[in-house]
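Residue numbers (our numbering), protein chains in the order written: chain A, 859 to 1181; chain B, 859 to 1181.
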């Protein structure tokens, strides 16, 4: 941890109470003048820090910056996280894929403040304005077969849903194969990718985009699907740092569960977050269209659909709409 | 085509008969002196070209160089081949993957004279000495699902088997999942890789290594599996250029068949090249082991095995040995 991160950590331990410059100087083993300098730097980053002569310093409010140490400090899980927060990039998946090809370890994460070429599934655009949302890609290296890799799409969807529910209490639901909805409007999307040979996966990237504090004006006009954000649904602004911490915590827990117990443990949780079980849906295939009742998720992530004549169709790709 | 390639093409049309310098000069629209210069350059590359004052030039023998134009000139198929022949590389798959990530088109091929870090499946080593064998990687961009990508492993195995049989008449057989054998000894191996998201494949690399003119001394001593080459089996030296042309021709034909008719067309041909259908085998899994009768190939490339109690097991990864 840098001195700056250590000071931030001390402030957070105080929960808004004052801590003396003397105490900070002792804890960090730096001079009082150095403490003052660090505080000034934090103020320039947007932290609102009050100073009182007899009591010292206290943190009134932090800015909603994405700082790697702020996100990962204190996370206790099995994954050894290694975060990189960047201001601006084309696509976090693309950046992380390049690092993965060069051997980056499991737990490597790229978080971007803004994406200039954010993508959704099937090459569709993912609106990624600066300062308001979370755009991140997480590198995992599970010992699984290529046919099992889509299972991790459902894992990341469950993790993002749990983090959203934890932090916003919104009624978040999963939409097959890789979106999260609130009131039928898209609030998050997963774009998972893999590199594999016939019998083994080299790596999987969990690409996750979540609309947190995006305003109505920030959505593009030509959306394929109605979209929303936590701010629009709840009227509240969400701390991106707190949300990202929660997301990584849930990813870690679910990943350990997946490695220990297999996909069924994830599937149950995903199905529990779905509104479509036992509902009649239309699936737009390309080309064609299918209608039937959703009966669950298959081992490879396919949606199991029972058609009018009773046969079970396995949907591997397509857009699903309840009717 | 360069002037050099045009002259080579003219020589090959003569099938060893003389062609006058005058004729070459007219056909290429270059001076007699320029023709002579090109012939000298070809000689330096190892082509044995006879010159007679009254008759002109004739090609007695070409060296076994791998030259992109020599390999692809005259290939008539649907794929627009773009070959790059390199003297030395770590691994052709690794090189091609980098180009694929940057958007290289379908039909891009890397052929190496030697690989310093040639790999087989599951990270195993693939002996790749210089000047004797074929090591190549072929980029395809089919519109298929990730679960279908392993099907192309079987396509490349059938193509390599057909090219080997065409050129050597050896009794080549396929070994699940990705090898070719002659008399139970490994003569070729496939290492196919993919990059994909949940619902679509970005690209597939067909990595193909074939032992053509390798001598007994060139095999490493610590082989996991007995290996052989066309030279060792037949006593004959194979033209690497002719073999590569044949391989690309078969890949192209089978790929069009696959796109038109689906995997069943490939599966039938692969099963016809297999000795294991209806045979009892042992499968070494990791961990564990299974015994049963091979009953065929599944849609996703899994080996279907009927065990003693009649149930069908699907083998997705493992080493198969007849017993």
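Even for Gly, the Cβ is constructed at its ideal location relative to N, Cα and C.
Here the structure is a predicted model, which means the values were calculated and not measured.
The beta strand (DSSP E) enclosing residue i, as first and last residue numbers
| i | result |
| --- | --- |
| residue 1054(B) | 1043 to 1055 |
| residue 953(A) | No beta strand (DSSP E) contains residue 953(A), which is instead part of the alpha helix (DSSP H) from 950 to 959. |
| residue 1179(A) | 1177 to 1180 |
| residue 914(B) | 914 to 919 |
| residue 885(A) | It is not in any beta strand (DSSP E) - residue 885(A) instead sits in the alpha helix (DSSP H) that spans 879 to 886. |
Identified DSSP bridge partners for residue i
| i | result |
| --- | --- |
| residue 1214(A) | With chain A covering 859 to 1181 only, the question about residue 1214(A) has no answer from this structure. |
| residue 940(B) | 966(B) |
| residue 1037(B) | 1033(B), 1047(B) |
| residue 995(B) | 968(B), 1065(B) |
| residue 1150(A) | 1139(A) |
| residue 977(B) | 983(B) |
| residue 947(B) | 973(B) |
| residue 1155(B) | 1161(B) |
| residue 1132(A) | 1032(A) |
| residue 1085(A) | 1044(A) |
is_contact[residue i, chain A] using C-beta, thresh 9 Å
| i | result |
| --- | --- |
| residue 886(B) | no |
| residue 966(B) | no |
| residue 979(B) | yes |
| residue 1095(B) | no |
| residue 959(B) | yes |
| residue 1011(B) | yes |
Closest residue to residue i among the options (Cα-Cα distance)
| i | options | result |
| --- | --- | --- |
| residue 1011(B) | 1067(B), 865(B), 1171(B) | 1067(B) |
| residue 964(B) | 864(B), 1063(B), 994(B), 1170(B) | 1063(B) |
| residue 995(B) | 974(B), 1016(B), 970(B) | 970(B) |
| residue 1020(A) | 1036(A), 873(A), 1128(A), 1152(A) | 1128(A) |
| residue 999(B) | 1079(B), 1075(B), 1054(B), 1078(B) | 1054(B) |
| residue 1041(A) | 1133(A), 1160(A), 872(A), 987(A) | 1133(A) |
| residue 1174(A) | 1087(A), 1034(A), 911(A) | 1034(A) |
| residue 984(A) | 960(A), 954(A), 949(A), 997(A) | 949(A) |
| residue 1117(A) | 1081(A), 1036(A), 1003(A), 1097(A) | 1003(A) |
| residue 960(B) | 962(A), 953(A), 923(A) | 953(A) |
| residue 1163(B) | 1138(B), 1157(B), 904(B) | 1138(B) |
| residue 1056(B) | 981(A), 1089(A), 1022(A), 1099(A) | 981(A) |
| residue 1106(A) | 876(A), 920(A), 1029(A), 931(A) | 931(A) |
| residue 1099(B) | 933(B), 897(B), 896(B), 885(B) | 933(B) |
| residue 1097(A) | 1160(A), 1130(A), 1165(A), 1024(A) | 1024(A) |
| residue 860(A) | 885(A), 872(A), 881(A), 875(A) | 885(A) |
| residue 989(A) | 1001(A), 975(A), 1032(A), 921(A) | 921(A) |
| residue 1150(B) | 908(B), 910(B), 1108(B), 1165(B) | 1165(B) |
| residue 992(A) | 1005(A), 945(A), 962(A) | 945(A) |
Host alpha helix (DSSP H) of residue i (start-end)
| i | result |
| --- | --- |
| residue 1099(B) | 1098 to 1119 |
| residue 860(B) | No alpha helix (DSSP H) holds residue 860(B); DSSP gives it neither H nor E. |
| residue 1011(A) | 1009 to 1026 |
| residue 1162(B) | Run containing residue 1162(B): none in the alpha helix (DSSP H); it sits in the beta strand (DSSP E), 1161 to 1164. |
| residue 906(A) | Where residue 906(A) is concerned, there is no enclosing alpha helix (DSSP H), although the beta strand (DSSP E) it sits in stretches over 906 to 910. |
| residue 1075(A) | Taken as a continuous stretch (DSSP letters only), residue 1075(A) belongs to no alpha helix (DSSP H), as it is neither H nor E. |
| residue 1173(A) | No alpha helix (DSSP H) holds residue 1173(A); the beta strand (DSSP E) holding it covers 1170 to 1173. |
| residue 929(B) | 926 to 930 |
| residue 988(A) | Premise fails: residue 988(A) is in no alpha helix (DSSP H) and is neither H nor E. |
| residue 1263(A) | Since the first and last residues shown for chain A are 859 and 1181, residue 1263(A) lies out of range. |
Interface flag, residue i vs chain B, CB-CB below 9 Å
| i | result |
| --- | --- |
| residue 963(A) | no |
| residue 875(A) | no |
| residue 1159(A) | yes |
| residue 956(A) | yes |
| residue 1053(A) | yes |
| residue 1108(A) | no |
| residue 1057(A) | yes |
| residue 1174(A) | yes |
beta-carbon residue i near the ligand ATP non-hydrogen atom, thresh 8 Å
| i | result |
| --- | --- |
| residue 911(A) | Here there are no bound small molecules, and the ligand ATP is not part of this structure. |
Under 8 Å (Cβ pairs) to chain B, residues found in the segment 993 to 1007 of chain A: 1003, 1004, 1005, 1007
Near-chain B residues of the segment 1026 to 1055 of chain A (beta-carbon distance less than 7 Å), N- to C-terminal order: 1035, 1036, 1049, 1050, 1051, 1052, 1053, 1054, 1055
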